[in-house]
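Student: Could you have a look at this structure, given as structure tokens, before my questions?
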């Protein structure tokens with residue numbers, strides 16, 4: 075397997091949930107990690123966790139729906155580290171009033187920008203240093219909703235995550251010659267803070283039966299440590315007790 079020691083990984087949405095778990099796992103494997111999210115205090119808490127385990131991280135708060143933010147962060151990463159090996163596109167969100175009858179132009183734009191536009195901006199920016207290096211790994215946290223249409227996720231979130239999966243595959247089609255690999259992870263329900271945005275948040279017992287952030291962190295670590303000749307295009311993952319199988 076490919077060693078991650080000394081590599082540089084940029085994780086978005088790193089202040090909580092999946093992003094925090096992935097950042098901690100990559101740092102534990104030897105990566106120098108760059109943490110991005112809107113909430114500086116949450117990023118600092120992730121950085122403290124990483125430091126407590128002997129890892130190295132840098133927190134850079136920013137709004138990734140701003141087209142200029144990703145380019146600025148990548149420029150800082152290059153200035154500081156001289157390289158960028160891994161991008162984990164994890165930032166995103168949902169809203170409570172997500173059904174068609176409740177959507178407004180403003181809420182549609184917010185969902186598309188946070189779940190799709192931001193992912194595009196980060197991928198486009200990250201691939202500049204990756205092309206120069208002739209190698210790079212992109213990991214996009216999409217969703218079960220990026221493959222299966224279900225009313226729980228809401229139409230705007232579902233459409234955005236389908237597009238993230240298409241975005242990832244298009245990267246592989248164009249960038250494989252440059253040594254760049256892209257993987258879309260499509261998890262079913264994960265016990266993260268985003269569940270509070272559901273019209274009816276799940277119970278503690280329901281959350282315990284879901285995938286956990288640590289499960290996604292282990293998967294991301296597996297993907298990132300594959301040989302450079304291997305590309306995992308898409309990974310669909312769920313808890314064994316998957317409620318979407320219920321009749």
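In the numbering used here, the protein residues as written are 75 to 321.
We put the CB at the ideal spot given by N, CA and C, even for glycine.
In whole angstroms, give me the CA-to-CA distance for residue 293 and residue 82.
Tutor: Cα to Cα, residue 293 sits roughly 18 Å from residue 82.
Student: Look at the Cβ atom of residue 290, then the Cβ atom of residue 310, and state whether they are nearer than 8 Å.
Tutor: Result no, Cβ atoms of residue 290 and residue 310 do not sit closer than 8 Å.
Student: Can you tell me which residues form a DSSP beta bridge with residue 254?
Tutor: Residue 254 is bridged to 210.
Student: Return the CA-CA distance between residue 295 and residue 96, expressed in angstroms with no decimal places.
Tutor: About 8 Å.
Student: Figure out for me which residue from 212, 166, 308 has the closest Cα to the Cα of residue 266.
Tutor: Residue 266 has its Cα closest to that of 166, out of 212, 166, 308.
Student: Figure out for me which residue from 170, 107, 260, 101 has the closest Cα to the Cα of residue 307.
Tutor: Comparing Cα-Cα distances from residue 307 to each of 170, 107, 260, 101, the minimum goes to 260.
Student: Around the Cβ of residue 84, are there at least 16 other Cβ atoms within 10 angstroms (buried) or fewer (exposed)?
Tutor: Residue 84 comes out buried.
Student: Could you tell me which residues DSSP puts in a beta bridge with residue 308?
Tutor: Answer by DSSP bridge pairing, in chain order: 258.
Student: Alpha carbon to alpha carbon, how far is residue 121 from residue 55? Give it in angstroms, no decimals.
Tutor: Examination of residue 55 is not possible in this model, given that the chain is present from 75 through 321 alone.
Student: My assumption, with CB atoms under 8 Å, is that residue 164 sits in contact with residue 92. Please give the rounded CB distance.
Tutor: Contact holds; Cβ gap of about 6 Å.
Student: By DSSP, does residue 161 sit in helix, in strand, or in coil?
Tutor: It is a strand residue.
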